[in-house]
Amino acid sequence: MVRGFYTAGTGMIAQRKSMDVIMNNAVNVETPGYKNDKVISRTFKDRLIDRINDPSILNISEVGDMNGGVHVDELIIDFTQGNIDVTNQMSDVALAGEGFFCVQTPEGERYTRAGNFTVDTNGYLQTPDGYRVLGTDGNPMQVGNGDFSIDTNGNVAANGQNAGQLKLVSFEDEQALRKQGDNLFYNYGNSAMGESNATVRQGCLEMSNAAMADVMVDMMTVYRVYESNQKMVQMTDESLDLAVNQIGKI
Amino acid sequence: MIQGFYSAAMGSKAQQRRLDTIADNVANVNTVGFKSTRMDFKDAMYSTMKKQVEGQDGNLELGHGVLTANTKKYYHTGSMKQTGEPLDMAIQGEGFFTVVSQGGELRYTRNGAFSVSEEAAGNFLVTGNGEYVMDTNGQRIDIPAGTKGEEITVTADGTLRINSNPVATMNIVTFDNMEGLEATGQTSFIATEVSGQPRRVGTEANVGQGILESSNVEMAKEISTLIRTQRAFQLAGKGITTADEMESIANNMRR
Numbered sequence: 010m011v012r013g014f015y016t017a018g019t020g021m022i023a024q025r026k027s028m029d030v031i032m033n034n035a036v037n038v039e040t041p042g043y044k045n046d047k048v049i050s051r052t053f054k055d056r057l058i059d060r061i062n063d064p065s066i067l068n069i070s071e072v073g074d075m076n077g078g079v080h081v082d083e084l085i086i087d088f089t090q091g092n093i094d095v096t097n098q099m100s101d102v103a104l105a106g107e108g109f110f111c112v113q114t115p116e117g118e119r120y121t122r123a124g125n126f127t128v129d130t131n132g133y134l135q136t137p138d139g140y141r142v143l144g145t146d147g148n149p150m151q152v153g154n155g156d157f158s159i160d161t162n163g164n165v166a167a168n169g170q171n172a173g174q175l176k177l178v179s180f181e182d183e184q185a186l187r188k189q190g191d192n193l194f195y196n197y198g199n200s201a202m203g204e205s206n207a208t209v210r211q212g213c214l215e216m217s218n219a220a221m222a223d224v225m226v227d228m229m230t231v232y233r234v235y236e237s238n239q240k241m242v243q244m245t246d247e248s249l250d251l252a253v254n255q256i257g258k259i
Numbered sequence: 003m004i005q006g007f008y009s010a011a012m013g014s015k016a017q018q019r020r021l022d023t024i025a026d027n028v029a030n031v032n033t034v035g036f037k038s039t040r041m042d043f044k045d046a047m048y049s050t051m052k053k054q055v056e057g058q059d060g061n062l063e064l065g066h067g068v069l070t071a072n073t074k075k076y077y078h079t080g081s082m083k084q085t086g087e088p089l090d091m092a093i094q095g096e097g098f099f100t101v102v103s104q105g106g107e108l109r110y111t112r113n114g115a116f117s118v119s120e121e122a123a124g125n126f127l128v129t130g131n132g133e134y135v136m137d138t139n140g141q142r143i144d145i146p147a148g149t150k151g152e153e154i155t156v157t158a159d160g161t162l163r164i165n166s167n168p169v170a171t172m173n174i175v176t177f178d179n180m181e182g183l184e185a186t187g188q189t190s191f192i193a194t195e196v197s198g199q200p201r202r203v204g205t206e207a208n209v210g211q212g213i214l215e216s217s218n219v220e221m222a223k224e225i226s227t228l229i230r231t232q233r234a235f236q237l238a239g240k241g242i243t244t245a246d247e248m249e250s251i252a253n254n255m256r257r
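If you're matching them up, the sequences are chains D and H in order.
In this note's numbering, each residue carries its 1-based index in the first sequence increased by 9.
In this note's numbering, each residue carries its 1-based index in the second sequence increased by 2.
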C-alpha cells in the first residue's frame, strides 16, 4: 500500500493522543497544585531509501533518509509556578519557588504542591484524602487542634510552641517525577532529592498552572493538524483511486 | 472513543458541583450565623498511554480528568451586627451554642437570634428553628412568663440573669476538629466521630447581647469563584465539542 496512508495515519493517532493530554490539562484548570503535561512527539526511526529502476544510474544509490511517521514519545510535566490564591484559611499552605510538600501514603512517601490541607481529630495536618503531611523529623506533622502558624521557612508554631518544621524537598531531575492522581507525584526515576528553598505562605493556595488560553490554542492546533492529516489520507486515497480505476481503464 | 471525551465530561460535572456550593453560599449571604463552603478539586488516576517504543522509558502517563476532593467549611467569624434586641446573642470568640431539636437531637449553632416559646410546660429559650437552647446542666432554659426584655442580661461566659439573678448558663462548646462537623440545615451542626467531642468554653466565648453574627460569605470572593467556575465549565464544553469534531473527521474520511 502507499506509504503515505500509514504516515498520515500515524499523524492522526499522535494528534488524537495529544488531544487526550490537552483535555486533561483543560479540566484541571481549577485544581490546586496541578502541573501541565506537554506532549513531545518524535518521528519514527529514519530508514535509508535506495533509488532503483533509474536507467541513468548504473548502481543502486542512496537517496537519503526518510521516516515512517510520528508517534507520541513522552510527556513532559511543566513545573512552572501556578498562581497563588489568597484564601485566609489557616490550613491552606502554598509554596513559592521550587519544591514539594511530603506526604505519607500507604504506598510510601509522595510529593505534592497542593496545599489545601485539613486537620484531623488528632491534630495531624493531612491532605483531603487523609494522607498525613510529614515534618523534617520524618514523622507526621502535628499542629494540634487550636490555631497554628507557619512561617516562610516552614516552621510550625502551635499554641505558642514550636511544633517542628514542614519537610520540603526539591529534586535534581524533576522529570523523574510522575503523577499518581489525588494531586500527588511519585519519584519514579529515583532522582536525588535535596532541601527546597521555596517560601512557604500560610493562608494561600497555589492554583493550577494550566492556563485557559494556552489550552485553547493547543486544542485548536491539534485539531487542525488532525484535519490536515485526514486530508492527506483522503488525497492519497483519491490518487490510488485514479491509479486503480482510471489508469487501467480500457 | 477518545479518552478526552470522558475527561471533559468529568470536568463539566466537577464545575457544576462547585456551582452548587457557590449558589448555596450566595443564597445565604444574609443568614445569621451561616458558614460558607469551598469545594476543592484533585486530578484523577493516571495510566500509561501506549506501549513504549524500543526500550525507552519516558513518561507516558495520561490523566483521566478531575474529581472533587472535598468541601471545606470556613469557620471565620462573620461581622457582628448590632440589633439592640435583648434576646439576640452572638459568640464573639470561638464556640457554638448547644441546642436540642424537637426530635431530641443534640445540635450546635452560631445563630443566636433567640426568642421565648410559650408552651404548656413553660416558656423556654428557643432558636429560630424551634430548637431549645441548652444550659450547662443539659436542661432547657426556662424564662418565667411576663419577663420583660430589659430585665434579661447575658454575660461573656453565657450566663443568663433576670434582674441580676442568675437563671442558667448557656452551654457554649467548641470542638477539636471543627471541620469534621456535619451541617444539618443552614446554620446547625451535629458532632461526628471526626469532629471529636464538644468541650466547654468559658469566658473566651465572649457572648454579646443585642448583637447577631452575620453570615461569613464574602460576595466578592464568591463572584470571582463563580466566574472562574463558569469559564472552566465553558472550557470543558469546548473540549467535548472539539473531541466530537475530531471523531467526526475520522468518521468522514471515507465518503
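Using N, Cα and C, we set each Cβ at its ideal position, and we do this for glycine too.
| query | Do the stretch 23 to 34 of chain D and the stretch 217 to 228 of chain D touch if we need at least three Cβ pairs shorter than 8 Å? | reply | yes
| Cα separation between Gly204 (chain H) and Glu184 (chain H)? | 24 Å
| request: Please report the residue range of the alpha helix (DSSP H) in which Gly241 (chain H) lies. | output: 221 to 253
| query | According to DSSP, is Ser248 (chain D) helix, strand or coil? | reply | helix
| message | Less than 8 Å between the beta carbons of Lys188 (chain D) and Leu143 (chain D), yes or no? | response | no
| field | Own chain residues within Cβ distance below 7 Å of Ala245 (chain H), not counting five before or after | value | Ile4, Gly6, Phe7, Ala10
| request: Whole angstroms is fine: what's the gap from Ala158 (chain H)'s alpha carbon to Thr73 (chain H)'s? | output: 33 Å
| said: Between which two residues does the alpha helix (DSSP H) holding Lys26 (chain D) run? | reply: 12 to 36
| said: Once DSSP output is grouped into helix, strand and coil, what is the label at Gly21 (chain H)? | reply: Just to set this straight, residue 21 (chain H) is Leu in the shown sequence, not Gly. Residue state, collapsed to three classes: helix.
| Looking at the C-beta of Glu247 (chain H), does it have a partner C-beta in chain D at a distance below 8 Å? | yes
| message | Can you give me the C-alpha to C-alpha distance between Gly42 (chain D) and Lys37 (chain H), rounded to a whole angstrom? | response | 25 Å
| message | Give me the chain H residues within the contact set of Ala35 (chain D), using Cβ-Cβ distance strictly less than 9 Å, ordered along the chain. | response | Gly6, Ser9, Ala10, Gly13, Ala234, Leu237, Ala238, Lys240, Gly241
| task | On the DSSP bridge assignment, give the partners of Lys47 (chain D) in chain order. | result | D:Ile85
| query | Using the beta-carbon of each residue, which ones in chain D are nearer than 8 Å to Asn61 (chain H)? | reply | Glu83, Leu84, Ile85, Ile86, Gln184, Arg187, Tyr197
| said: Can you list, in chain order, the residues of its chain with a C-beta nearer than 6 Å to that of Gln239 (chain D)? Leave out the 5 residues immediately preceding and following it. | reply: none
| Out of curiosity, what's the CA-to-CA distance linking Gly190 (chain D) and Arg119 (chain D)? | 11 Å
| Closest Cα partner of Ile93 (chain H) within the set H:Val128, H:Asp22, H:Ser216, H:Thr227 | H:Ser216
| What residues match up with Glu2 (chain H) in a beta bridge as DSSP calls it? | A query on residue 2 (chain H) cannot be resolved here, the shown segment of chain H reaching from 3 to 257 and no further.
| Going by the beta-carbon positions, is the gap between Val242 (chain D) and Met255 (chain H) smaller than 8 Å? | yes
| field | DSSP three-state assignment for Ile164 (chain H), whether helix, strand or coil | value | strand
| Cα-Cα separation between Asp26 (chain H) and Gln58 (chain H), rounded to whole angstroms | 50 Å
| Is the beta carbon of Met75 (chain D) less than 8 Å from the beta carbon of Tyr235 (chain D)? | no
| field | chain H residues whose Cβ lies nearer than 8 Å to that of Asp29 (chain D) | value | Ile4, Gln5, Gly6, Ser9, Met51, Leu64
| query | Does the stretch 43 to 58 of chain D touch the stretch 251 to 258 of chain D, meaning 3 or more C-beta pairs lie closer than 8 Å? | reply | no
| message | Output needed for Gly2 (chain H): all residues of its chain with C-beta closer than 6 Å, excluding positions within five of it in sequence on either side, in chain order. | response | Residue 2 (chain H) is absent from the structure shown; chain H starts at 3 and stops at 257.
| Distance between Ile93 (chain D) and Asp138 (chain D) (C-alpha atoms, nearest Å) | 22 Å
| Inter-residue Cα distance where the pair is Gly210 (chain H) and Arg112 (chain H) | 12 Å
| message | Let's test the definition: count the other Cβ atoms within 10 Å of the Cβ of Glu83 (chain D) and tell me whether it reaches 16, buried, or not, exposed. | response | buried
| query | Should Lys26 (chain D) be labelled buried (16 or more other beta-carbon atoms within 10 Å of its own) or exposed? | reply | buried
| query | By the criterion of Cβ-Cβ separation under 7 Å, what are the contact partners of Gly192 (chain D) in chain H? | reply | Here residue 192 (chain D) turns out to be Asn, not Gly, going by the sequence shown. Within chain H, the residues near Asn192 (chain D) are Lys44, Asp45.
| query | How is Gln255 (chain D) classed by DSSP in three states: helix, strand or coil? | reply | helix
| query | What are the start and end residues of each continuous alpha helix (DSSP H) run of 4 or more residues lying completely inside the stretch 168 to 218 of chain D, in chain order? | reply | none
| Residues in its own chain within less than 7 Å of Phe88 (chain D) by CB, not counting five upstream and five downstream? | Lys44, Glu183
| field | Three-way DSSP call (helix, strand, coil) for Arg256 (chain H) in this model | value | coil
| CB Pro185 (chain D) to CB Ser205 (chain D), shorter than 8 Å? | This sequence places Ala at residue 185 (chain D); Pro is not what is there. Not closer than 8 Å, so no.
| message | Quick check on the DSSP output: what are the complete beta strand (DSSP E) runs of length 3 or more inside the stretch 124 to 163 of chain D, in order along the chain? | response | 157 to 159
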